Amino acid sequence: MRSPFSRRTDYAIRAAVEIARADGRRVKRHPIAAAIDAPTTVVAQALADLVRGGVVEAAAGRTGGYVLHRPAREITVADVVAAVEAEHEARCVLEERSCSDGAPCPLHATLAEADDAYTARLATASLAVLAGLDEAPPPLARTGRPRAARTAPAPAPEPAASGPAPSLGGWID
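Each residue of the sequence shown is one higher than the last, beginning at -8 in the numbering used here.
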């Protein structure tokens, strides 16, 4: 499944899980970046977001590093996402304007409902479960229409032996 998050949010979630695995010990930025196979500079930005968002605490110095602000079972993916994606633009999908409850577009209520459900679902996944420190609760029943199974695209037909190769107007050639 593709990630619905920005790359920075992906790294923040992975970093928070890595910090949860440290079980209360401070973890430095470089070991976190190495453990999650991410660039140190991007991890530093994600960690700064987590500190600003109150998910982790940072301490400088030789004995410093990062530690969770609360127990891992009390921090959810929704908390991490909110810390990183705090600057959410209220952009209308249908028009070039800001969209709000006061000036809604026809799609506003539907998107607001979907966003509420999405956030509520993310709030069911704790860092403790993701870090393997707690057992996962039983999965919720899926609602809505089932997703279609993804299949591999059919192979392209072999080009004819005679004549020039097909072209896409220079886009790929």
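All C-beta atoms in this analysis are idealised placements derived from N, C-alpha and C, irrespective of residue type, glycine included. From a predicted model like this one, the values you see are computed outputs, not experimental measurements.
By Cβ distance, which residues of its chain are closer than 6 Å to residue i, with the 5 residues on each side in sequence left out?
i, result
"D125", "R64, A119"
Nearest by alpha-carbon distance to residue i: which of the options is it?
i, options, result
"R12", "L59, A100, G44", "L59"
"Y2", "R20, R16, G15, D107", "R20"
"A25", "A39, G15, R16, I10", "I10"
"I66", "V33, H99, V46", "V46"
Looking at the secondary structure, which residues open and close the alpha helix (DSSP H) in which residue i lies?
i, result
"V58", "From DSSP, V58 is part of no alpha helix (DSSP H) but of the beta strand (DSSP E) over 56 to 59."
"T101", "99 to 113"
"D40", "31 to 43"
"D1", "-2 to 12"
Please report the residue range of the beta strand (DSSP E) in which residue i lies.
i, result
"E48", "47 to 50"
In chain order, what residues of the same chain have a beta carbon less than 7 Å from the beta carbon of residue i, not counting five sequence neighbours either side?
i, result
"T0", "V72, V75, E76"
Quickly, what does DSSP pair residue i with across the bridge? List them, please.
i, result
"R82", "S89"
"T67", "S117"
"V18", "Y57"
Which residues in the same chain as residue i place their Cβ atom closer than 8 Å to its Cβ, once the five residues preceding and following it in sequence are excluded?
i, result
"S(-3)", "V75, E76"
"G229", "A question about residue 229 goes unanswered here, because the residues of the chain that appear run from -8 up to 164."
Mind checking residue i: buried by the 16 CB within 10 Å criterion, or exposed?
i, result
"S(-6)", "exposed"
"D234", "The chain is shown only over -8 to 164; residue 234 falls outside these bounds and no answer can be derived."
"Y57", "buried"
"V84", "exposed"
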